[in-house]
Amino acid sequence: MDLTTVLQILDSTIRLGTPLLLACLAGLFSERAGIFDIGLEGKMLAAAFLSAAAAFVTGDVWLGVAAGIFAALLMSAIHGLASITFRGNQLISGVAINFLASGLTVLLGQYWFALGGRTPSLTGDARFAPITLWGAEALREVPVIGPIYYELISGHTALVYVAVAMVPLSAWLLYRTRFGLRLRAVGENPAAVDTAGVSVVGIRFAAVAICGVLTGLAGAYLATGLSAGFVKEMTAGRGYIALAALIFAKWRPWYALGATMLFGFLEAISNRYQNIDLGGIVIPVQFMQALPYILTVVILAGFVGKATPPRAGGEPYVKER
Amino acid sequence: MQKMPPWADALLVPLLSLLIAFAISSVVIFAIGENPVEAMKLMVTGALGSSYGWGYTLYYATNFMFTGLAVAVAFHAGLFNIGGEGQASLGGLGVALVCLMVPWPHWSLALIGAVVCGALFGALWAALPAWLQAKRGSHIVITTIMFNFIAASLLNYLLVNMLRPVGSMDPATARFPAETNLPGLGEILGAVGIPFSTSTPANVSLFLALACCVLVWVLIWRTRLGYQIRAFGKSEKAAVYAGIRPVRITMYAMLISGGLAGMMAVNNVMGEANRLVLNSVEGAGFIGIAVALMGRSHPFGVFLAAILFGFLYQGGAELALWTKIPRELITVIQALVILFTGALDNMVRQPVEWLFARAGRGAK
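Read top to bottom, the protein sequences are chains A and B.
Heads up, the first sequence is in my numbering, so the first residue is 1 and it goes up one at a time.
Heads up, the second sequence is in my numbering, so the first residue is 1 and it goes up one at a time.
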């Protein structure tokens, strides 16, 4: 394997890891505030659809992103209403959101565009173009550093850089601000936050809204950055992989970057090679596809580094009377 | 506060939730430029207007009874088994192996073999998540989701690389021998003099599903294990105090749940397809969640809800055939049913409770 191949695989690792990273951070905010979210998949799917539809109609990709965020926020509002206001089961609400998005996207897509649930292909300004970073062209010929900078770091679409910037931003917000402290506290011990006179419901809704914005970005990236338009079920389980990455990352932002890039790498490998021959032992492509889930089960089992979820996760908060 | 009478809890609240779900679905149908009343008529005639329609409705309902019961049993133990999809596809593997490998002389013996093997494979696929939940505290919802995906990859591998007959491009097993073909519902009813369409996939598994409904009822409300499962589901602390062992109950409940999901394969793999194909479960595992919620985890409720979803499935197929409404409408209805009977239950319940409390005060 030469440098070019390695760079190509790492390049698609970043591309494929980006939606996972955004969705994983989305889940991180929600779950750190004590709201389990298995509806990441549905939110991403809804966002992917509406962003592609809006980008096609307006011809402006940023309006598409805004529409995608709007769609994901609507789904978040349902989740918040069910799990915070009416103290329903958060997992069941998540399942409902996944089905709602899966059905509505095809229903509306067929009604609007009559292409069997697809949106028309996006071209020109309706999708994200790669950004060439400053000096990439000039450095291109420098050995080793040049190709790495040109291929790997430069030349991605805007949302990739947004996603990477979200990691330090999330870490700062969670660990360095008053809001972050309260958000984490709401997920561990909501009664204490309530005693301090801070609204548990308010913080939790804020967390769910942040989750909506980030899944909106993730979905918009899928439809307008990674591909050119929406196709039926295009999230293809990425919401669940993001959920797996969240556990793998033990609910921490920087670890989330590592976990999602690892899972992105696995996807890049299985896209490129059908079966991997390791001197006699052939690893089938299906094993690579299942690996993120297997790794997550191993981590969950606590044999390798125990993952402990936020203590108040999944429980609706009931004020003491 | 005055409690609601039991009938309101068991019937009124689910019916109201269902009504809201259907009302919103009608708005959706209206919004995409179709007539909800016409759509409903078409669904009813398509699914219930002929014995052909009924055959398909009952075939789908059989699937949903198995997966619905699977989710319901786990719910009673306070566990959310979201892995019915994976367990049912592993059940399919078990049924396929036993049908292909054993030279069965008669379908009745093959049926017994398939039930045992399907349930066993389904239960095994539920065993590891159950054990991890019981022993290591790994959240069963997450592990069963992961196991759904692992099952999909495993079956993909086995069908493409191992079970595919030589020379076939299709990732599916060979056809099962004719001796294992189950008698259809039309033949059975025809034998006792009831005319019923013979060209539907409904088969003898329907009676197996009905028997499972009764058995689950007996298990949950008439046996010691059922009592322990319910006690554990209501309050783990109290159950432990009463000497109920959490590891044992978690394992039993999940093994039964996985076994029921696995048995679904008798209907769809053995009864209908006569071979194992990729993605044979087609989402029935997830519909089990809606069915169990709708049926309030009671076997009779599961039975009714399964029939309802069978009707929706067959009706939805007819809609897609005759109108421009895609099949995905059913997914939307399913989502709304899960949302209102499951997650937004309190939204429907609170006003009803309030009304009963008011009426109760008025009577005094």
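Cβ atoms here follow ideal geometry from the backbone N, Cα and C, with glycine treated the same way.
message: Closest to Asp-37 of chain A by C-alpha separation, out of A:Ile-84, A:Asn-189, A:Thr-105 and A:Leu-152, would be which residue?
response: Position 37 of the first sequence, counted from the start, is the residue given in the question as residue 37 of chain A. Checked all of A:Ile-84, A:Asn-189, A:Thr-105 and A:Leu-152; the closest Cα to Asp-37 of chain A is A:Ile-84.
- prompt: Which residues in the same chain as Pro-130 of chain A place their Cβ atom closer than 7 Å to its Cβ, once the five residues preceding and following it in sequence are excluded?
  reply: Here residue 130 of chain A is taken as the residue at index 130 of the first sequence, counted from 1. Contacts found: Gly-155, His-156 and Thr-157.
- prompt: Any C-beta of chain B sitting closer than 9 Å to the C-beta of Ser-76 of chain A?
  reply: Position 76 of the first sequence, counted from the start, is the residue given in the question as residue 76 of chain A. Not one chain B Cβ lies under 9 Å of Ser-76 of chain A.
task: Please work out which residues of its chain come closer than 8 Å, Cβ to Cβ, to Val-201 of chain A, disregarding the five sequence neighbours upstream and downstream, and give them in chain order.
output: Here residue 201 of chain A refers to the residue found at position 201 when the first sequence is read from its first residue. Cβ within range, chain order: Ile-84, Thr-85 and Tyr-317.
- prompt: Since Ile-38 of chain A meets chain B, which of its residues come closer than 9 Å, beta carbon to beta carbon?
  reply: Numbered from 1 along the first sequence, position 38 holds the residue referred to as residue 38 of chain A. Here the neighbours are Ile-82, Val-141, Ile-142 and Ile-145.
message: Any beta carbon of chain B sitting closer than 9 Å to that of Arg-87 of chain A?
response: Within the first sequence, the letter at position 87 stands for residue 87 of chain A. Yes - at least one Cβ of chain B is within 9 Å of the one on Arg-87 of chain A.
field: Under 7 Å (Cβ pairs) to chain A, residues found in the region 234 to 265 of chain B
entry: none
task: Within its chain, find whatever has a CB closer than 6 Å to the CB of Leu-16 of chain B; leave out the 5 residues flanking it on each side and keep chain order.
output: Position 16 of the second sequence, counted from the start, is the residue given in the question as residue 16 of chain B. These residues qualify, in order along the chain: Val-348.
query: So Leu-329 of chain B packs on Gly-310 of chain B, CB below 8 Å; how close in whole Å?
result: Within the second sequence, numbered from 1, the residue matching residue 329 of chain B stands at position 329. Within the second sequence, numbered from 1, the residue matching residue 310 of chain B stands at position 310. That belief does not hold up - the Cβ atoms of Leu-329 of chain B and Gly-310 of chain B are roughly 16 Å apart, past 8 Å.
message: In the DSSP output, what is Ile-283 of chain A paired with across the bridge?
response: By one-based count along the first sequence, residue 283 of chain A stands at place 283. DSSP output for Ile-283 of chain A lists A:Ile-276 as bridge partner(s).
- prompt: If you measure beta-carbon to beta-carbon, which residues of the region 16 to 46 of chain A are closer than 9 Å to chain B?
  reply: Phe-36, Ile-38 and Gly-42
field: Distance, Tyr-157 of chain B Cα to Pro-171 of chain B Cα
entry: By one-based count along the second sequence, residue 171 of chain B stands at place 171. By one-based count along the second sequence, residue 157 of chain B stands at place 157. Approximately 9 Å, taken between the alpha carbons.
- prompt: Considering Ser-170 of chain A, what are the terminal residues of the alpha helix (DSSP H) in which it resides?
  reply: Your numbering for residue 170 of chain A matches position 170 in the first sequence. It spans 158 to 176 - the alpha helix (DSSP H) in which Ser-170 of chain A sits, taken as one unbroken run.
query: On the three-pair Cβ rule with 8 Å, is the region 63 to 70 of chain A touching the region 297 to 307 of chain B?
result: no
- prompt: Out of B:His-106, B:Ile-307 and B:Gly-342, which has the shortest C-alpha to C-alpha gap to Arg-87 of chain A?
  reply: Taking the first sequence and counting its residues from 1, the one referred to as residue 87 of chain A is at position 87. Looking at the Cα atoms, B:Gly-342 is the closest of the given residues.
field: Proximal residues of chain A, C-beta to C-beta of Asp-345 of chain B below 7 Å
entry: Translated into positions along the second sequence, residue 345 of chain B becomes position 345. In chain order: Gly-88.
- prompt: Unbroken alpha helix (DSSP H) runs of length 4 or more, entirely within the region 152 to 221 of chain B: which are they?
  reply: Fully enclosed alpha helix (DSSP H) runs of 4 or longer: 185 to 191.
- prompt: When we look at the beta-carbon of Lys-324 of chain B and count the other beta-carbons within 10 Å, is it buried (16 or more) or exposed?
  reply: Within the second sequence, numbered from 1, the residue matching residue 324 of chain B stands at position 324. Classification of Lys-324 of chain B: exposed, given that the 10 Å Cβ count is below 16.
message: Is there a C-beta anywhere in chain D that falls below 9 Å from the one on Gln-314 of chain B?
response: Absent from the structure: chain D. Protein chains present are A and B.
query: What number of angstroms, rounded off, separates the C-alpha of Ala-123 of chain B from the C-alpha of Leu-133 of chain A?
result: The sequence position of residue 123 of chain B within the second sequence is 123, counting from 1. The sequence position of residue 133 of chain A within the first sequence is 133, counting from 1. Cα to Cα, the separation comes out at about 54 Å.
Met-288 of chain A versus Glu-267 of chain A: straight-line alpha-carbon distance, rounded: Mapped onto the first sequence, residue 288 of chain A falls at position 288. Mapped onto the first sequence, residue 267 of chain A falls at position 267. So the alpha carbons of these two residues sit roughly 8 Å apart.
task: Excluding the 5 residues preceding and the 5 following Leu-73 of chain A in the sequence, name in chain order all residues of the same chain whose CB lies nearer than 6 Å to its CB.
output: Looking up residue 73 of chain A in the first sequence gives position 73. For Leu-73 of chain A, where only same-chain residues beyond five positions count, the Cβ hits under 6 Å are Gly-212.
- request: Take Pro-292 of chain A and list the residues in its own chain whose beta-carbon comes closer than 7 Å to its own, dropping the five residues that flank it on each side.
  value: The count along the first sequence starts at 1 and reaches residue 292 of chain A at position 292. Only Ile-241, Ala-244, Phe-263 and Leu-266 meet the Cβ criterion.
field: Cut-off 7 Å between Cβ atoms - residues of its own chain near Thr-13 of chain A, not counting five sequence neighbours on either side
entry: The residue given as residue 13 of chain A occupies position 13 in the first sequence. Excluding positions up to five away in sequence, the list reads Met-261, Gly-264, Phe-265 and Ala-268.
query: So what does Ile-131 of chain A bridge to, in DSSP terms?
result: Taking the first residue of the first sequence as 1, we reach residue 131 of chain A at position 131. The partner list for Ile-131 of chain A (beta bridge, DSSP) reads A:His-156.
- request: Return the residue from the list A:Ile-294, A:Thr-215, A:Arg-272 and A:Ala-96 that minimises the CA-CA distance to Leu-7 of chain A.
  value: One-based indexing of the first sequence puts residue 7 of chain A at position 7. Leu-7 of chain A has its Cα closest to that of A:Arg-272, out of A:Ile-294, A:Thr-215, A:Arg-272 and A:Ala-96.
query: Applying a beta-carbon distance threshold of less than 8 Å, which residues of chain A neighbour Glu-282 of chain B?
result: Sequence index remark: in the second sequence, residue 282 of chain B carries index 282 (1-based). Those do not exist, as Glu-282 of chain B stays about 13 Å from chain A at its closest Cβ, beyond 8 Å.
message: For Val-95 of chain A and Ile-140 of chain B, what's the separation of their Cα atoms in angstroms?
response: Your numbering for residue 95 of chain A matches position 95 in the first sequence. Your numbering for residue 140 of chain B matches position 140 in the second sequence. Answer to the nearest angstrom: the Cα atoms are 15 Å apart.
query: Which one of A:Glu-151, A:Ile-78, A:Leu-45 and A:Leu-174 has the shortest CA to CA distance from Ala-67 of chain A?
result: For the purposes of this step, residue 67 of chain A is taken as residue 67 along the first sequence, with counting starting at 1. Out of A:Glu-151, A:Ile-78, A:Leu-45 and A:Leu-174, A:Leu-45 has the C-alpha closest to the C-alpha of Ala-67 of chain A.
query: Alpha carbon to alpha carbon, how far is Leu-336 of chain B from Tyr-52 of chain B?
result: The residue labelled residue 336 of chain B in the question sits at position 336 within the second sequence. The residue labelled residue 52 of chain B in the question sits at position 52 within the second sequence. Approximately 28 Å, taken between the alpha carbons.
message: Measuring straight from C-alpha to C-alpha, what distance separates Thr-235 of chain A and Gly-197 of chain A?
response: For this step, residue 235 of chain A is matched to residue 235 along the first sequence. For this step, residue 197 of chain A is matched to residue 197 along the first sequence. When rounded, the distance between both Cα atoms is 40 Å.
message: Using DSSP's beta-bridge definition, name the partner residues of Val-277 of chain B.
response: Walking along the second sequence from the start, residue 277 of chain B turns up at place 277. Val-277 of chain B pairs with B:Ala-172.
task: From the DSSP output, in three-state form, read off Ala-290 of chain B for me.
output: What you label residue 290 of chain B is simply residue 290 of the second sequence in a count that begins at 1. It is helical.
message: Can you confirm whether Leu-266 of chain A, when its beta carbon is compared against all beta carbons of chain B, has any partner nearer than 9 Å?
response: The residue labelled residue 266 of chain A in the question sits at position 266 within the first sequence. Taking Cβ atoms only, chain B never reaches closer than 9 Å to Leu-266 of chain A, which makes this a no.
- prompt: In whole angstroms, what is the alpha-carbon distance linking Ile-256 of chain B and Gln-334 of chain B?
  reply: For the purposes of this step, residue 256 of chain B is identified with residue 256 of the second sequence, where counting begins at 1. For the purposes of this step, residue 334 of chain B is identified with residue 334 of the second sequence, where counting begins at 1. Those two C-alpha atoms are separated by around 25 Å.
- request: Determine, using beta carbons only, whether Ala-211 of chain B and Leu-185 of chain B come nearer to each other than 9 Å.
  value: Start at 1 with the first residue of the second sequence, and residue 211 of chain B comes out as number 211. Start at 1 with the first residue of the second sequence, and residue 185 of chain B comes out as number 185. No, they are not a contact pair.
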